[in-house]
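Following: one structure in structure tokens, then a few remarks.
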Ligand SMILES: Cc1cc2nc3c(=O)[nH]c(=O)nc-3n(C[C@H](O)[C@H](O)[C@H](O)COP(=O)(O)OP(=O)(O)OC[C@H]3O[C@@H](n4cnc5c(N)ncnc54)[C@H](O)[C@@H]3O)c2cc1C
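Numbering (our numbering), first residue to last: 146 to 622.
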């Protein structure tokens, strides 16, 4: 039974048990949980119910790789102290929502029960993309994704028994999985479809630096290669045949092929919600879906992305948390209290001692963008993308990195190049406080910065400010 501290759960007109909450949230990940807690903080008298299919508390997904390495235990994955929802009197129901009746403002749960709402948040997250079911051998035991908590429990047990592992997928998730599995001192082959890794963020130079490090760590890397068939013995995987006819021994095949949004409810609704395919529920700057009282947040919300010029998800933990807080204000009618969730997409990770930060349009794909690279500083590779006098992308690979959140702030706020320069100078010393002060000083309008007015696509127009002295326009030395 859904409970409520103020007795606002109501009975149906027929006397039957039709539960009700002011705010209903579908999803118990960080977006849903943050929204519930923030909504409670802003409006303690509101009844809040979370419905989720998940069988565990809200966990900190970024720590799963550490868990895989054996550096963390199960209990350390819990993101929010257990029972927090009970203390804050947020009702949590383990169930799957199968339908949304938008006209009646009601969610229908599998099993026949329904809950009415005033406002609804869909924070249903994503799931792992799998190998096509038609791929021979894809159903052998030992072919697995590395996405859910169950996957990681399973992988920890399996890694103890394996000697050869194939990781499929050249994105950030594939890279981090390879690095985590390396910790178990197994033979690893890393397969990727494209010629470079992290193709959404890294150019050829940066990819080569990353792949070299991974190779040096003992991993065999096959680029422009896909899985053609999975071989098995007595129902369990024994190897992989590649699209180049190589045969690789493996007792474990871990697929990291990207993710898909959990948006089935868009169609299972009396008025279908608008979606951006492969991204998520289409929302406005304030996370509202195409239905007035329904919001979406977290890794299933496709927000306007002004850098990309289309709707896109931000699938990082911090984004989901921020969006949960923004959605909360809307759910309880406190619109004035928050800013729209901003943000370029970004990744940070490390490959041994090599740190990687990639934010926004690192590849210069935006119309009119120009890219500046620094490969002259020892042991460091950096790229800055500029468009209309603004920084729109930043990539850094090296033993140390500047504060990635400070750089993301510069990009998200559309600040001038001089602000990046201030951060890079800050990377040499002075700490975060000093960096913030320098960014503040440097973040004056572009006209007063070191960049001359006029199109940045013309290299001659640009005078790079201090801290960027080693950068040269791409294509020039
Ligand atoms: C393995 C892994 C590693 C990651 N590493 C990093 C990292 O290093 N850094 C980083 O920033 N981000 C990382 N992320 C991404 C980050 O964790 C996610 O962006 C974030 O957790 C998304 O939270 P969410 O609340 O939007 O969705 P989720 O946490 O996916 O929650 C979705 C919820 O919706 C529920 N649900 C879905 N459909 C229904 C339904 N019909 N009925 C009821 N309930 C439903 C699910 O049960 C679940 O409770 C990682 C993610 C994974 C999986």
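Where is the CB? At the ideal position from N, CA and C, for every residue including glycine.
Exercise for review: May I have the straight-line CA-CA distance separating residue 176 from residue 505, to the nearest angstrom?
Suggested key: If I take the Cα positions, the gap works out to 22 Å.
Practice item. Work out the CA separation of residue 499 and residue 365 for me, nearest whole Å. Key: If you take the alpha carbons of residue 365 and residue 499, they lie about 19 Å apart.
Exercise for review: Report yes or no: do the stretch 215-225 and the stretch 371-390 share at least 3 C-beta pairs separated by less than 8 Å?
Suggested key: In this structure the stretch 215-225 does not lie against the stretch 371-390, because fewer than three pairs of beta carbons, one per stretch, are closer than 8 Å.
Exercise for review: Report the rounded CA-to-CA distance for residue 461 versus residue 491, giving the unit in angstroms.
Suggested key: A straight-line Cα-Cα distance of about 8 Å links residue 461 and residue 491.
Point to revise | Distance between residue 393 and residue 449 (C-alpha atoms, nearest Å) | key: Taking the straight line joining both Cα atoms gives about 43 Å.
Point to revise | Within 8 Å, strictly: CB atoms of residue 197 and residue 172 | key: Cβ distance < 8 Å, so residue 197 and residue 172 count as in contact.
Check your understanding: Looking only at its own chain, which residues have a Cβ that is under 6 Å from the Cβ of residue 265, when we skip the five neighbours before and after it?
Key -> So the qualifying residues of the chain are 169 and 439.
Practice item. Please indicate yes or no: does the CB of residue 426 lie closer than 7 Å to some heavy atom of ligand 1? Key: No, Cβ of residue 426 sits at least 7 Å from all heavy atoms of ligand 1.
Check your understanding: CB-CB under 6 Å to residue 518, same chain, minus the five flanking residues each way: which ones, in chain order?
Key -> Closer than 6 Å at Cβ, skipping near neighbours: 528 and 619.
Practice item. Would you kindly work out how many angstroms separate the C-alpha atoms of residue 294 and residue 167, rounded to a whole number? Key: Residue 294 and residue 167: Cα-Cα distance of roughly 31 Å.
Review point. Can you name the residues that DSSP bridges to residue 425?
Key: Residue 425 pairs with 421.
Review point. With 16 other CB atoms within 10 Å as the buried threshold, where does residue 467 fall?
Key: Taking all protein chains shown into account, residue 467 has 16 or more neighbouring C-beta atoms within 10 Å of its C-beta and is therefore buried.
Review point. How long is the line joining the alpha carbons of residue 189 and residue 321, rounded to whole angstroms?
Key: Their Cα atoms are separated by approximately 40 Å.
Point to revise | Coil, strand or helix - residue 373 by DSSP | key: Under the three-state reduction of DSSP output, residue 373 falls in the strand class.
Point to revise | 7 Å CB neighbourhood of residue 456 in its chain, flanking five on each side removed | key: Within the same chain, and ignoring the five residues on either side of residue 456 in sequence, the residues whose Cβ sits closer than 7 Å to its Cβ are 421, 424, 427, 447, 448, 449 and 450.
**Study point:** Top-ranked residue by Cα proximity to residue 340, from 332, 325, 333 and 350
**Key:** Of 332, 325, 333 and 350, the residue nearest in Cα terms is 350.
Review point. Going by DSSP, which residues form a beta bridge with residue 539?
Key: 504 and 529.
Practice item. With DSSP as the reference, label residue 352 as helix, strand or coil. Key: In the three-state reduction of the DSSP assignment, residue 352 falls in the helix class, which pools H, G and I.
Review point. Do you know offhand how far residue 390's Cα is from residue 317's?
Key: Taking the straight line joining both Cα atoms gives about 26 Å.
**Study point:** Among 226, 417 and 520, the one whose alpha carbon lies nearest that of residue 201
**Key:** Comparing Cα-Cα distances from residue 201 to each of 226, 417 and 520, the minimum goes to 226.
Check your understanding: Cα separation between residue 509 and residue 231?
Key -> The alpha-carbon atoms of residue 509 and residue 231 are separated by roughly 48 Å.
Exercise for review: For residue 173, verify whether its CB is less than 7 Å away from any heavy atom of ligand 1.
Suggested key: Closer than 7 Å to some heavy atom of ligand 1: that describes the Cβ of residue 173.
Exercise for review: Would you please state the rounded distance, in angstroms, between the beta carbons of residue 536 and residue 565? I believe it to be under 8 Å.
Suggested key: Right, their Cβ atoms sit about 5 Å apart.
Exercise for review: Within its chain, find whatever has a CB closer than 6 Å to the CB of residue 368; leave out the 5 residues flanking it on each side and keep chain order.
Suggested key: Around residue 368: 337 and 340.
Review point. Does the beta carbon of residue 410 fall short of 7 Å from some heavy atom of ligand 1?
Key: Ligand 1 has a heavy atom closer than 7 Å to the beta-carbon of residue 410.
Review point. Count the other CB atoms within 10 Å of the CB of residue 406; is the residue buried (16 or more) or exposed (fewer)?
Key: Looking at its Cβ environment, which holds 16 or more other Cβ atoms inside 10 Å, residue 406 is buried.
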